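For the sequence shown, the residue numbers in the working numbering are 95 to 441.
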Amino acid sequence: MSHPSGKTRSKRGTLPSTSHATPDDYLEAFLTLLPPRVILRIARESGFIRRHRKLDPVAFLYTLAFETGPQLQRTVDALREAYNQRTPDPILSMGGFYERFTSELVEFLRRCVAYGLSQLRATPGNRLTPKLARFTDLLIQDSTVIRLFSALAKIYPPTRLAKNTKSNRTAGVKVATLFSARANGPARLELFPETTSEIDTLKIGPWVKGSIVLTDLGFYKHQGFARIEENGGYFLSRLKGNANPILIGSHLVHRGRAIDLEGKRWSEIAPRLHRGVLDAEVELSFQRRGYRGKRRGDTLRARLVAVWDEEHQMYHTYVTNLPVDVLSAEDVAELYRTRWSVELLFK
């Protein structure tokens with residue numbers, strides 16, 4: 095196996111040179127995103143290394159990136175062996191390798207991740223479809239929980255359910271990820287205690303301008319939708335089960351005896367639906383934060399889209415502010431299915 099930065103082992107090793115080795119797709123993508131020269135620079139700037147000959151930061155980073163994971167747990171000694179297979183200057187002692195896990199390593203990893211994400215955003219790999227070309231990006235927010243040892247429970251407290259287990263991995267960190275369709279990867283990663291609610295991991299700001307933000311029911315909040323719109327963005331979410339907006343009118347023209355929608359609540363209309371598609375304008379109510387902690391009521395105009403699923407014999411309902419003349423109701427339903435892209439990242 096070749097060294098990630100293109101080096102080969104000295105005569106002490108048996109690894110072939112890069113001229114005889116073909117890196118796999120993951121390695122190639124890794125080195126394209128984080129070239130060895132960049133890794134070396136970040137390692138020096140973060141204080142992780144002072145002299146390259148004592149530690150190879152490229153091999154170290156590659157080892158941590160590809161030899162650990164939720165389904166791939168390794169002991170420190172196993173990581174040392176993996177590192178030694180990737181460098182011409184192996185660390186022979188267990189203690190010498192263990193001593194590399196310092197606060198400087200944490201800063202080194204943080205800067206590497208930040209650099210990688212900035213590169214993904216700067217050099218997008220995907221173009222959105224013609225119907226979505228007018229939008230800056232398609233952003234999907236999701237999160238997953240990673241179990242940590244109980245010694246970290248004060249920093250990353252677990253939920254009550256996890257706390258009651260007998261496992262020594264009772265601490266929990268919630269990894270919130272903002273997935274970019276243009277970059278074809280994460281645009282932002284943030285860490286929170288497991289006890290943090292989903293809605294509190296998504297901070298709406300000017301960064302949503304011109305983009306579509308797809309969220310699941312864990313992020314459902316009418317005030318959040320209003321914030322996205324006020325910042326020039328577009329939201330798309332499934333309609334929450336207990337949401338009961340007022341319908342203003344239909345965006346579709348139906349022949350025959352159409353249901354009168356105006357002024358009715360969704361709970362009145364839903365049982366009477368016998369159409370393949372409903373595309374209506376609705377009014378969503380919510381509370382705004384007011385002066386000195388007092389709240390005031392407000393409303394938001396949006397689209398309610400209901401599309402019949404023949405296979406499961408049910409309606410899928412969505413709420414969005416995407417323009418009717420840009421995306422049809424069927425387009426909205428199809429677009430929401432792209433959430434699977436980010437959910438598969440955590441499988």
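C-beta: ideal position from N, C-alpha, C; glycine also. Here the structure is a predicted model, which means the values were calculated and not measured.
Contact under 8 Å by Cβ, I234 with F273:
As a working mapping, residue 234 is identified with position 140 in the sequence shown. As a working mapping, residue 273 is identified with position 179 in the sequence shown. Closer than 8 Å, so yes.
Check for me: the alpha helix (DSSP H) holding H316 runs from which residue to which?
To locate residue 316, count along the sequence shown from 1; it is residue 222. Start and end: 316–324.
For L229, which of helix, strand or coil comes out of DSSP?
By one-based count along the sequence shown, residue 229 stands at place 135. For clarity, residue 229 is Phe in the given sequence; the question names Leu instead. Correct three-state label for F229: coil.
What does a CB cutoff of less than 7 Å around E377 pick up in its chain, not counting 5 residues either side in sequence?
Your numbering for residue 377 matches position 283 in the sequence shown. Excluding sequence neighbours, E377 sits near P339, I340, I342, T393, R395.
Compute the distance between the beta-carbons of R397 and V418, then report whether it is under 8 Å.
The count along the sequence shown starts at 1 and reaches residue 397 at position 303. The count along the sequence shown starts at 1 and reaches residue 418 at position 324. Yes, Cβ-Cβ distance for R397 and V418 is below 8 Å.
Considering only the alpha carbon of each residue, which of S187, P129, G326, G370 lies closest to R228?
For the purposes of this step, residue 228 is identified with residue 134 of the sequence shown, where counting begins at 1. Minimum Cα distance to R228 is reached at G326.
Would you mind reading off the limits of the beta strand (DSSP E) that contains S379?
In the sequence shown, the residue the question calls residue 379 occupies position 285. Start and end: 371–383.
Among Y328, A216, A374, L285, which has the Cα closest to the Cα of G357?
Residue mapping note: residue 357 aligns to position 263 of the sequence shown, counting from 1. Comparing Cα-Cα distances from G357 to each of Y328, A216, A374, L285, the minimum goes to A374.
In angstroms with no decimal places, state the Cα-to-Cα distance between A176 and F380.
Residue 176 sits at position 82 when you count from the first residue of the sequence shown. Residue 380 sits at position 286 when you count from the first residue of the sequence shown. Going from the Cα of A176 to the Cα of F380 covers about 54 Å.
List the whole-angstrom C-beta distance separating L173 from T196, where the pair is believed to meet the contact cut-off of C-beta under 8 Å.
Within the sequence shown, numbered from 1, the residue matching residue 173 stands at position 79. Within the sequence shown, numbered from 1, the residue matching residue 196 stands at position 102. Actually they are not in contact, since the Cβ atoms of L173 and T196 sit about 15 Å apart, beyond 8 Å.
Which residues mark the beginning and the end of the beta strand (DSSP E) in which G279 is found?
In the sequence shown, the residue the question calls residue 279 occupies position 185. Counting along the chain, the beta strand (DSSP E) containing G279 begins and ends at 279–287.
Nearest candidate by alpha-carbon position, reference E198, set A137, D354, I322
Within the sequence shown, the letter at position 104 stands for residue 198. Nearest C-alpha to E198: A137.
Of the choices Y328, G266, T238, whose alpha-carbon is the least far from that of G304?
One-based indexing of the sequence shown puts residue 304 at position 210. Closest by alpha carbon: Y328.
Alpha helix (DSSP H) segment containing F124, residue limits
Taking the first residue of the sequence shown as position 1, residue 124 is located at position 30. Its alpha helix (DSSP H) spans residues 119–127.
Counting beta carbon pairs with one atom in the segment 280–298 and one in the segment 177–195, are three or more of them shorter than 8 Å?
no
To the nearest angstrom, how far is the alpha carbon of F313 from that of L367?
Taking the sequence shown and counting its residues from 1, one reaches residue 313 at position 219. Taking the sequence shown and counting its residues from 1, one reaches residue 367 at position 273. Taking the straight line from one Cα to the other gives about 27 Å.
Rounded to the nearest angstrom, how far is the Cβ of L246 from that of A265, given a contact under 8 Å?
Working through the sequence shown from its first residue, we reach residue 246 at position 152. Working through the sequence shown from its first residue, we reach residue 265 at position 171. At roughly 4 Å, the Cβ-Cβ gap stays under 8 Å, so L246 and A265 are in contact.
Rounded separation between A281 and W301 - CA only:
For the purposes of this step, residue 281 is taken as residue 187 along the sequence shown, with counting starting at 1. For the purposes of this step, residue 301 is taken as residue 207 along the sequence shown, with counting starting at 1. Spanning the two alpha carbons is a distance of roughly 11 Å.
What span of residues does the beta strand (DSSP E) with T411 cover, start to end?
If you number the sequence shown from 1, residue 411 lands on position 317. Run containing T411: 408–414, per the beta strand (DSSP E) assignment.
Burial state of P224, where buried means 16 or more other Cβ atoms lie within 10 Å:
The residue labelled residue 224 in the question sits at position 130 within the sequence shown. Exposed: under 16 other Cβ atoms inside 10 Å.
Cutting at 8 Å between CB atoms, please list the residues of its own chain near Y209, excluding the five before and the five after it.
Within the sequence shown, residue 209 is the residue found at index 115, counting from 1. Once the five neighbours on either side are set aside, the close Cβ partners of Y209 are L128, V132, I136.
Using DSSP bridges, identify the partner residues of V239.
Counting from one through the sequence shown, the residue named residue 239 turns up at place 145. Looking at the DSSP assignment, V239 forms a beta bridge with K268.
Determine the direct distance from the alpha carbon of L186 to that of A275, and round the result to whole angstroms.
Stepping through the sequence shown from its first residue, residue 275 is reached at position 181. Stepping through the sequence shown from its first residue, residue 186 is reached at position 92. So the alpha carbons of these two residues sit roughly 43 Å apart.
One question on the structure: do T414 and V399 come within less than 8 Å of each other, judged by their Cβ atoms?
Along the sequence shown, one-based indexing puts residue 414 at 320. Along the sequence shown, one-based indexing puts residue 399 at 305. Cβ atoms of T414 and V399: closer than 8 Å.
Would you mind stating whether L311 and K334 have Cβ atoms separated by less than 8 Å?
For this step, residue 311 is matched to residue 217 along the sequence shown. For this step, residue 334 is matched to residue 240 along the sequence shown. It is a contact, given that the beta carbons lie within the stated cut-off.
To the nearest angstrom, how far is it from the Cα of R241 to the Cα of T230?
For this step, residue 241 is matched to residue 147 along the sequence shown. For this step, residue 230 is matched to residue 136 along the sequence shown. When rounded, the distance between both Cα atoms is 35 Å.
Which residues bound the beta strand (DSSP E) around R204?
Taking the first residue of the sequence shown as 1, we reach residue 204 at position 110. No beta strand (DSSP E) contains R204, which is instead part of the alpha helix (DSSP H) from 197–216.
Identity of the residues DSSP links to R194 by a beta bridge
Taking the sequence shown and counting its residues from 1, the one referred to as residue 194 is at position 100. DSSP output for R194 lists no bridge partner at all.
Beta-carbon within less than 8 Å of R431's beta-carbon, same chain only, minus the 5 sequence neighbours each way: which residues are those?
On the sequence shown, position 337 is the one that residue 431 refers to. For R431, where only same-chain residues beyond five positions count, there are no Cβ hits under 8 Å.
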